[in-house]
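First comes the structure, then the notes that go with it.
Protein chains: 2
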Amino acid sequence: MSDSLLPRADDVLAAAARIAPHASVTPVLRSRTLDALAGARLAFKAEHLQRGGAFKFRGACNAVWSLDADHASAGVVTHSSGNHGAALALAARTRGIPCHVVVPEGAVAAKLANIARHGATLWRCPATIADREATCAKVQADTGATLVHPYTNPAVMAGQGTAALELLHSEGPFDVLVVPVGGGGLASGTALALQHASPGTRLVLAEPAGADDTARSLAAGKRQEAFTPDTICDGLRTLIGAPNFALLQSAGAEVIVVDDAATVAAMRLLWDVLKQVVEPSSAIVLAAVLAQPARFAGLRVGLVLSGGNVDLPALRWGAS
Amino acid sequence: MSDSLLPRADDVLAAAARIAPHASVTPVLRSRTLDALAGARLAFKAEHLQRGGAFKFRGACNAVWSLDADHASAGVVTHSSGNHGAALALAARTRGIPCHVVVPEGAVAAKLANIARHGATLWRCPATIADREATCAKVQADTGATLVHPYTNPAVMAGQGTAALELLHSEGPFDVLVVPVGGGGLASGTALALQHASPGTRLVLAEPAGADDTARSLAAGKRQEAFTPDTICDGLRTLIGAPNFALLQSAGAEVIVVDDAATVAAMRLLWDVLKQVVEPSSAIVLAAVLAQPARFAGLRVGLVLSGGNVDLPALRWGAS
Chain A
1 MSDSLLPRAD DVLAAAARIA PHASVTPVLR SRTLDALAGA RLAFKAEHLQ RGGAFKFRGA
61 CNAVWSLDAD HASAGVVTHS SGNHGAALAL AARTRGIPCH VVVPEGAVAA KLANIARHGA
121 TLWRCPATIA DREATCAKVQ ADTGATLVHP YTNPAVMAGQ GTAALELLHS EGPFDVLVVP
181 VGGGGLASGT ALALQHASPG TRLVLAEPAG ADDTARSLAA GKRQEAFTPD TICDGLRTLI
241 GAPNFALLQS AGAEVIVVDD AATVAAMRLL WDVLKQVVEP SSAIVLAAVL AQPARFAGLR
301 VGLVLSGGNV DLPALRWGAS
Chain B
1 MSDSLLPRAD DVLAAAARIA PHASVTPVLR SRTLDALAGA RLAFKAEHLQ RGGAFKFRGA
61 CNAVWSLDAD HASAGVVTHS SGNHGAALAL AARTRGIPCH VVVPEGAVAA KLANIARHGA
121 TLWRCPATIA DREATCAKVQ ADTGATLVHP YTNPAVMAGQ GTAALELLHS EGPFDVLVVP
181 VGGGGLASGT ALALQHASPG TRLVLAEPAG ADDTARSLAA GKRQEAFTPD TICDGLRTLI
241 GAPNFALLQS AGAEVIVVDD AATVAAMRLL WDVLKQVVEP SSAIVLAAVL AQPARFAGLR
301 VGLVLSGGNV DLPALRWGAS
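Those protein sequence lines, which keep their order, are chains A and B. All residue numbers for the first sequence refer to full-length UniProt numbering, where the first residue is 1 and numbers rise by one. All residue numbers for the second sequence refer to full-length UniProt numbering, where the first residue is 1 and numbers rise by one.
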């Protein structure tokens, strides 16, 4: 698959087979307390327990193992605010090939540590998309590495869809799936998985109010490129990709826009009740359901907890 | 079973059948990162995801459903620093009977909230064991409720053993199981489960240095009753019960004594790497393994994460 093609539903199945030797089948968690709060039956796919700490390993792994031997030997390169970088580093390591990661200034320290731990070469650059892409292009030119874009790469999209596929197979049927949307890799992969395995299930995207370009783009029927993200959801500060938007538009995806305060409240619930350390970009899916209860009342709702790479607050423990 | 009898290995099997309609089969979590750190293959039984937030539901549920109809109708009573109280309240609710819980001053707020949420009547008293027992006796006399002691009740012990039984059945074999020890309900139940299902597996108990009576008792060959607990592990500030000690002694259980600093470091690892919100009394099992790596090198180690009822620190999230 080249970057110019859209992946198809059966690419998700192929991805599932390709990554099976490497990726974890993550658990699905439920809570009676959260069900009562939401007035719905919630099933959380725990992708924060995926290798690398996020669903991103699925797409990266599919991309790395889709390369032919010649391309693979020169390695891979990407730019990423964190989780995709760590995922690609880990995926490259499963194949024993080099990995270069361009990271923007200001990235979350826990995420950078994750990338470095998996043996990738880090290249720092300013935080704009243009700077990241230029640095990436230079590394590509210098090393011959293949660019694996965090969300527009078709193998990445197909790989991300395997999380929903597992959820549908192990716990389905569902009336709705809810996933976060940033660049749209997970969202578009999930749309493909639904198309294949459960076409009657609605797809709801949770998007931060401070980075709501997907909501605006779907409303306008056209990808909106004016974008200055302002949200604590550091994994979602990304303009929706063009192929991702095309797939989501044709899939009839809905969007719920969530403000950061609601996301923090939902994150606290997930820590407190579900006992899971998830990042804000994950908690937004629960925030979306709690923000619009009428939309989910009585339904079977699958939610993807996308990642858990947060900088923990200082933990202070007295003899309480 | 009366309180004067020791439970037997097959009581754990009977308990598993009795609680199956009510208790969750909790997931088992693994982490390559923690395995590398420990130099062993670790499997964490996630009892903090059990109903009520701790393994205690298993024992309480077994005790409640072991009562005949006449005794059941008058309800149950206990004294508990928290997790057992919540568990008994929840277990009583599964049978639709009254529950009274005597709680000591200074108990963790998250745990009291848990108890109240499950519909029990709370009776506050000073924190000494003598005061708790006196208050309990008064409630018993006034209501006719059956006392369900947090760890010496044989049905409770047998019920707690079902966590290890599940772990052995789903992920065994193991060379060692590691569980925390306070009053000894989980520890003695685990000894029974091993006796039934895996007699060759060693049992290691993790005990806080500030409440190390079990270590001293096993070393002396006699239960040591001088005891002034001083540890952050609020679930383990309890003198080992007499029947619990008898069972552990005959099972040849070993103890690793852990200081609070090591427990806090292990708790941070469990939050950070395993992404699980566990309480100090849970984290002590990982601390024990990391404190004595030579004892576990290369082994298959099962660890019970006993509970997750902590008062979360204030979470502050900036746009990091």
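Yeah, the Cβ is synthetic: ideal placement off N, Cα and C, and Gly gets one too. Owing to the predicted nature of the structure, the values given are computational and were not obtained by experimental measurement.
- Closer than 7 Å to the CB of H22(A) there is not a single CB belonging to chain B.
- Pairwise C-beta distances place the segment 271-281 of chain A in contact with the segment 27-46 of chain A, as three or more of them are shorter than 8 Å.
- The beta carbon of G308(A) sits closer than 7 Å to some beta carbon of chain B.
- Membership of K45(B) in the beta strand (DSSP E) is indicated by the continuous run 41-46.
- Around D272(B), the beta-carbon contacts reaching into chain A at under 7 Å are L312.
- Residues of the segment 35-69 of chain B with a C-beta less than 9 Å from any C-beta of chain A: A46, H48, L49, R51, G53, listed in chain order.
- In this structure the segment 193-201 of chain B touches the segment 156-166 of chain B; the number of beta carbon pairs closer than 8 Å is three or more.
- Out of G82(A), R202(A), I19(A), A137(A), the CA that lies nearest to the CA of G106(A) is found in G82(A).
- At the C-beta level, T238(B) and G182(B) come within 7 Å of one another.
- Counted as a single uninterrupted DSSP element, the alpha helix (DSSP H) harbouring C136(B) occupies residues 129-143.
- Counting of Cβ neighbours within 10 angstroms places T128(B) among the exposed residues, the total staying below 16.
- Scanning the segment 143-171 of chain A for uninterrupted alpha helix (DSSP H) segments of 4 residues or longer gives 154-171, listed from N- to C-terminal end.
- Membership of R300(A) in the beta strand (DSSP E) is indicated by the continuous run 300-305.
- For P208(B), the enclosing beta strand (DSSP E) stretches over residues 202-208.
- When the five nearest sequence neighbours on each side are left out, the beta carbons in the same chain lying within less than 6 Å of the beta carbon of A109(B) are those of D311, in order along the chain.
- A251(B) and A15(B) have their alpha carbons spaced roughly 20 Å apart.
- Apart from the 5 residues on each side of it in sequence, R93(B) sits with its Cβ closer than 8 Å to the Cβ of C99, H118, G119 in its chain, given in chain order.
- For K275(B), at least one C-beta of chain A is nearer than 7 Å to its own C-beta.
- The closest CA to that of E254(A), considering only V76(A), A297(A), T201(A), is found on T201(A).
- Bridge partners of L29(A) according to DSSP: F44(A).
- The beta carbon of D259(A) sits closer than 7 Å to the beta carbons of A209 from its chain, once the five residues preceding and following it are set aside; these are given in chain order.
- In chain order, P27 make up the part of chain A whose C-beta sits under 7 Å from the C-beta of P27(B).
- Per the coordinates, the alpha-carbon of L236(B) lies some 6 Å from the alpha-carbon of S281(B).
- Under the three-state reduction of DSSP output, I97(B) falls in the coil class, being neither helix nor strand.
- Rounded to whole angstroms, the Cβ separation of L6(B) and P154(B) is 7 Å, and the two are in contact under 8 Å.
- When only Cα atoms are considered, V204(B) and R295(B) end up about 10 Å apart.
- For the pair of segments examined, the segment 65-79 of chain B was found not to touch the segment 165-183 of chain B: the number of CB pairs separated by less than 8 Å stays below three.
- In this structure, the straight-line span from the alpha carbon of L37(A) to that of A187(A) is close to 25 Å.
- Counting of Cβ neighbours within 10 angstroms places K111(A) among the buried residues, the total reaching 16 or more.
- Under DSSP, R117(A) forms no beta bridge with any residue.
- Using a 10 angstroms sphere on the CB of R124(B), the tally of other CB atoms stays under 16, which defines it as exposed.
- A63(A) sits away from I97(A), with the two beta carbons spaced by 7 Å or more.
- Cβ atoms of G185(B) and P150(B) come within 8 Å of each other, at about 6 Å.
- When secondary structure is reduced to three states using DSSP, C233(B) falls in the coil class, being assigned neither helix nor strand.
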